[in-house]
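Input: a single structure, listed below in C-alpha cells.
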Amino acid sequence: MSNDNVKEIEDLIKIIAKLPGLGPKSAKRIVLRLINKREELIKPLTNTLAQVYKNVVRCTNCGNLKSINSKCICVSKKYDQICVVENIADMWVIESSGIYKGQYHILGGTLPSFENKNSGNGLLIDSLVNRVKKNSVKEVILATSASIEGETTSHYISDSLKNTKVKITRLAKGVPVGGEIEFLDDGTLFSAFKNRNPITNE
Ligand SMILES: [Zn+2]
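Numbering-wise (numbering that gives the first Met the number 0), the sequence shown opens with residue 0 and increments by one.
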C-alpha cells in the first residue's frame, strides 16, 4: 500500500514497528487492521493506552508494576519468601512456569561488574532489605542471571542482607553461563529452582 502522503499512517507504522517482534511489514498489517476497525479497535486502544500511561507506575518498594489506584501486592499481602529478579520479563517467565508462588522483587537491572558499587546504582536494593526486615521474610531467592553482572549483583545483595537473619539462596548452577532467566525453558528453570543453593555470609 502506498501511504507516503498520509503522514498519520506513516507515523503510526513507525511507532508500531518499534514493538518487540515486529518489523515494518507486520507494522503495516497491524495499522491496516486498526484503520479498518476504527470503532472496534482504535477507539478502545486509544482509551486503554491513555489509562495505562496515566495510571501504571513502577512500585518503589518492590519494583513491580502497579496501578496508582490500588495498593501494590507487596504491601497488601503477607509473605515469607521473596524471589529477586532483574526485570519484569524474568518474573513473568518464573510465574508462568508455576514453579514459585511467592512474592517477587524486581531490581530493574544488574550492577555493572567494574564500577563503584557502593551506591547500588539505583537498583531497588535498600527497599529489598527493608522488605525483608519488615515482613520477617524467611528466604530470599536470588534469581539473577548467570552472567558476571548477575553474579556481582547477587554478591552485593547477599552482602546487603548480612545483618538480617534471612536465609539466602541462589538458583542452581544448572543455569547456563550467561544464561538469562527470561530465555530459560521450564525444565531448566524447574531444576535451578529446586536445587537452589544456600549462600553463606561469613
Ligand atoms: Zn510493590
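For every residue, glycine included, the Cβ atom is placed at its ideal position computed from N, Cα and C.
First through last residue of the alpha helix (DSSP H) which encompasses residue i
i, result
"serine 69", "No alpha helix (DSSP H) holds serine 69; DSSP gives it neither H nor E."
"glutamate 9", "6-15"
"arginine 130", "125-133"
"arginine 32", "23-35"
"isoleucine 147", "147-159"
"lysine 53", "42-54"
"glutamate 94", "87-96"
Boundaries of the beta strand (DSSP E) in which residue i is found, first to last residue
i, result
"isoleucine 81", "80-84"
Identity of the residues DSSP links to residue i by a beta bridge
i, result
"proline 197", "Thr168"
"glutamine 102", "Ile81"
"glutamate 181", "Glutamate 181 pairs with nothing; no bridge assigned."
"isoleucine 140", "Cys82 and Thr168"
Residue i versus the options, residue with shortest Cα-Cα distance
i, options, result
"proline 111", "Ala171, Tyr155, Cys58 and Arg57", "Tyr155"
"asparagine 162", "Ala145, Val128 and Thr168", "Val128"
"glutamate 181", "Ala145, Ile41 and Val131", "Ala145"
"serine 157", "Thr168, Glu148 and Ile147", "Thr168"
"lysine 76", "Ser135, Lys172, Ala142 and Pro23", "Ser135"
"serine 96", "Lys27, Arg32, Lys166 and Ser190", "Ser190"
"serine 153", "Lys24, Lys133 and Asn196", "Asn196"
C-beta atoms of residue i and residue j nearer than 8 Å
i, j, result
"tyrosine 103", "cysteine 82", "yes"
"leucine 11", "valine 30", "yes"
"asparagine 68", "asparagine 46", "no"
"isoleucine 98", "cysteine 61", "no"
"isoleucine 198", "serine 159", "no"
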